[in-house]
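Below is one structure, written out as structure tokens; comments come after it.
In my numbering, the protein residues as written are 82 to 390.
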């Protein structure tokens, strides 16, 4: 353990998820790496409770000049290694600023934002308008070399879907959706696009800056970058806060309204956006099926049917 910085506590929920995915040694590794990076970058933990993502430890710190920042440590894989590359490309324009990066240890030093103020607390249409504006700016960049690309992912998704198309545990409605989305994925795989995608821009991944900082009102965080078609970006904003907005029976109308608003703000070609949203719905469904969940997934089916028309 570092001689100067005391051990960084790993939140219990993160310890469980990281332990399940990577083994219990990874929990201790996250703690050691965070403390070591504090010494290496001359950071002082603020004492505030560490935050976390699905597999990342996020530690509020202060730099040597006392300015606030955030230390993020996560396992290095093909998905996570693209995050610093994308943040450098965006250079703080619409996305959180990258201040330092240690690729060997999966550590990033990021500007501090306000974790208590996300689009999750903003009226849905206004939040969608913000997301649409951010996507327009983030997707304006061509994908940097070395970033994973949508074409091979889509081809692989088609193959992953095949074992489930005639599965006896699927009801008729779910099977029809898989058939429709799989056919669309086969068609779109050969035209994947070349823009830099965030991939996970939902309401909780957009934060406000700290008070008194000279920053734009809303900033994207936690990208899982891909190079591909911007139409692939819409599903998180269609799915997030799904249950709160529409009464049963009104959900398809709500989905179509969200889709219309997002495509209007972004200026995306509606048919391509429709097709890539169906591919993204398919990805959600296949993840569920591969984990043994064969029950018809309500949000995905409703969104897929509403977007398909």
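Cβ coordinates follow ideal geometry from the N, Cα and C atoms, glycine included.
Candidates the options: closest to residue i by CA position
| i | options | result |
| --- | --- | --- |
| residue 194 | 219, 149, 235 and 246 | 149 |
| residue 132 | 364, 126 and 140 | 140 |
| residue 295 | 178, 358, 352 and 348 | 178 |
| residue 299 | 244, 218, 104 and 85 | 218 |
| residue 263 | 117, 182 and 359 | 359 |
| residue 186 | 282, 366 and 110 | 110 |
| residue 175 | 211, 189 and 153 | 211 |
| residue 202 | 289, 172 and 128 | 289 |
| residue 196 | 367, 350 and 301 | 301 |
| residue 284 | 318, 249, 270 and 245 | 318 |
| residue 287 | 114, 200, 155 and 123 | 200 |
| residue 123 | 255, 173, 386 and 142 | 142 |
| residue 216 | 354, 266, 192 and 271 | 354 |
| residue 267 | 101, 240, 323 and 390 | 240 |
| residue 247 | 375, 113, 108 and 85 | 375 |
| residue 189 | 115, 316, 85 and 282 | 115 |
| residue 370 | 255, 155, 99 and 89 | 255 |
| residue 271 | 357, 261 and 293 | 357 |
Rounded straight-line distance, which links the Cα of residue j to that of residue i
| i | j | result |
| --- | --- | --- |
| residue 180 | residue 151 | 9 Å |
| residue 252 | residue 377 | 7 Å |
| residue 96 | residue 130 | 14 Å |
| residue 234 | residue 158 | 15 Å |
| residue 303 | residue 331 | 31 Å |
| residue 83 | residue 103 | Below a pLDDT of 50, predicted positions are generally treated as unreliable, and residue 83, at 40, falls in that range; the measurement from the model is reported next regardless. Their backbone Cα atoms lie some 23 Å apart in a straight line. |
| residue 208 | residue 280 | 17 Å |
| residue 388 | residue 161 | 30 Å |
| residue 257 | residue 171 | 39 Å |
| residue 406 | residue 125 | Because the chain here runs from 82 to 390, residue 406 falls outside it and cannot be looked at. |
| residue 87 | residue 340 | 48 Å |
| residue 245 | residue 236 | 16 Å |
| residue 242 | residue 361 | 13 Å |
| residue 145 | residue 121 | 11 Å |
| residue 249 | residue 108 | 39 Å |
| residue 147 | residue 324 | 42 Å |
Collapsed DSSP secondary structure at residue i in the structure displayed
| i | result |
| --- | --- |
| residue 386 | helix |
| residue 253 | helix |
| residue 168 | helix |
| residue 436 | This structure leaves residue 436 out entirely; the chain is present only between 82 and 390. |
| residue 308 | strand |
| residue 238 | helix |
| residue 99 | helix |
| residue 181 | strand |
| residue 44 | As shown, the chain starts at 82 and ends at 390. That puts residue 44 outside it, with no answer to give. |
| residue 298 | coil |
| residue 258 | helix |
| residue 174 | coil |
| residue 266 | helix |
| residue 290 | strand |
Same chain only: Cβ atoms within 8 Å of residue i, ignoring 5 sequence neighbours per side
| i | result |
| --- | --- |
| residue 228 | 163, 166, 167, 277, 306, 307 and 308 |
| residue 231 | 273, 274, 278, 307, 308, 309, 310 and 313 |
| residue 291 | 149, 193, 194 and 195 |
Neighbourhood of residue i by C-beta distance below 7 Å, restricted to the same chain and skipping five residues each side
| i | result |
| --- | --- |
| residue 93 | none |
| residue 214 | 346 |
| residue 326 | 205 and 335 |
| residue 364 | 238 |
| residue 333 | 383, 386 and 387 |
| residue 337 | 387 |
Same chain only: Cβ atoms within 6 Å of residue i, ignoring 5 sequence neighbours per side
| i | result |
| --- | --- |
| residue 220 | 276 and 311 |
| residue 373 | none |
| residue 320 | 380 |
| residue 225 | 166 and 170 |
| residue 351 | 344 |
Heavy atom of the ligand NAP within 7 Å of residue i beta-carbon
| i | result |
| --- | --- |
| residue 90 | In terms of ligand content, the structure shown is empty, and the ligand NAP therefore cannot be addressed. |
Would you mind listing the alpha helix (DSSP H) stretches within the region 325-388 that are 4+ residues and don't spill past its ends, in chain order? As far as the region 325-388 is concerned, its whole alpha helix (DSSP H) runs of at least 4 residues are 332-347 and 351-371.
In chain order, what are the residue ranges of uninterrupted beta strand (DSSP E) at least 3 long that sit wholly in the region 188-234? Listed in chain order, the complete beta strand (DSSP E) runs (minimum 3 residues) inside the region 188-234 are 188-192 and 194-199.
Fully enclosed by the region 106-154, which alpha helix (DSSP H) runs are 4 residues long or longer? Assignment of alpha helix (DSSP H) within the region 106-154, counting only whole runs of 4 or more residues, yields 106-121 in chain order.
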